[in-house]
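Contents: one structure, followed by commentary.
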Amino acid sequence: MPSLTLDKTDLRILAELQLDGRLTNVELAERVALSPSPCLRRLKQLEESGVIRQYVALLDPAHIGLGLQAWVRVTLEKRGNMHLQSFIEAVQSWPEVINCFAMTGEMDYLLQVYFEDMEHFSRFVMDELLQHPGVEDVKSSFVLKEIKRTTSLPLGQMRGM
1 MPSLTLDKTD LRILAELQLD GRLTNVELAE RVALSPSPCL RRLKQLEESG
51 VIRQYVALLD PAHIGLGLQA WVRVTLEKRG NMHLQSFIEA VQSWPEVINC
101 FAMTGEMDYL LQVYFEDMEH FSRFVMDELL QHPGVEDVKS SFVLKEIKRT
151 TSLPLGQMRG M
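Position one of the sequence shown corresponds to residue 1 (full-length UniProt numbering), numbered consecutively onward.
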């Protein structure tokens with residue numbers, strides 16, 4: 001992966017794109033006080049270096065019928081790693097799981113999941129998760145109210161570079 005030194009202009013570009021990934025190059029150039037050509041060059045460098053990973057549309061779960069969000073803590077059996085890869089592959093196939101993290105501490109995996117309702121959640125846990133070989137324990141927490149949601153990563157640590 002190419003190494004890239006980010007300056008203040010690069011950081012402004014990243015900050016603007018995190019707020020609105022659909023900005024045209026002209027709009028982006030205006031916001032970061034560059035002409036369009038150098039702005040596009042910098043943008044391409046950020047993409048090619050992997051700093052910008054991808055562009056996406058962020059959907060509102062409630063507007064598409066996914067009113068129940070949960071965090072599910074999963075513990076696997078500790079007898080060898082034979083179920084580990086199988087679990088990882090299964091997680092990839094479960095559309096309800098939008099994020100999965102391998103964790104330290106009391107759990108092995110933390111899943112962020114979305115469901116239509118409690119019945120959908122129950123089917124997922126009973127028919128998929130608990131039926132998977134190697135799953136030893138499952139604990140769930142439901143989101144009551146969303147206090148903060150952002151996809152923007154902090155960039156303050158980059159100012160010294």
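Note that beta-carbon positions come from the ideal geometry of N, C-alpha and C, so glycine has one too.
Report task. List the DSSP bridge partners of R73. Result -> According to DSSP, R73 bridges with L110 and K139.
Query raised in the report: Secondary structure at V26, three-state DSSP: helix, strand or coil?
Result: Assigned with DSSP and collapsed to three states, V26 falls in helix.
Query raised in the report: What is the rounded straight-line gap between the Cα of V138 and the Cα of I64?
Result: Each residue's alpha carbon lies about 27 Å from the other.
Report task. Quick one: residues in its chain with C-beta nearer than 6 Å to the C-beta of P2, no 5 flanking neighbours on either side, listed in chain order? Result -> Residue placement at P2 is flagged as unreliable, the pLDDT there being 48, under the threshold of 50; a coordinate-derived value is accordingly withheld.
Query raised in the report: Should Y55 be labelled buried (16 or more other beta-carbon atoms within 10 Å of its own) or exposed?
Result: Exposure of Y55 is indicated by the presence of fewer than 16 other C-beta atoms within 10 angstroms of its C-beta.
Query raised in the report: Among all the DSSP beta bridges, which residues are the ones paired with V97?
Result: DSSP output for V97 lists V113 as bridge partner(s).
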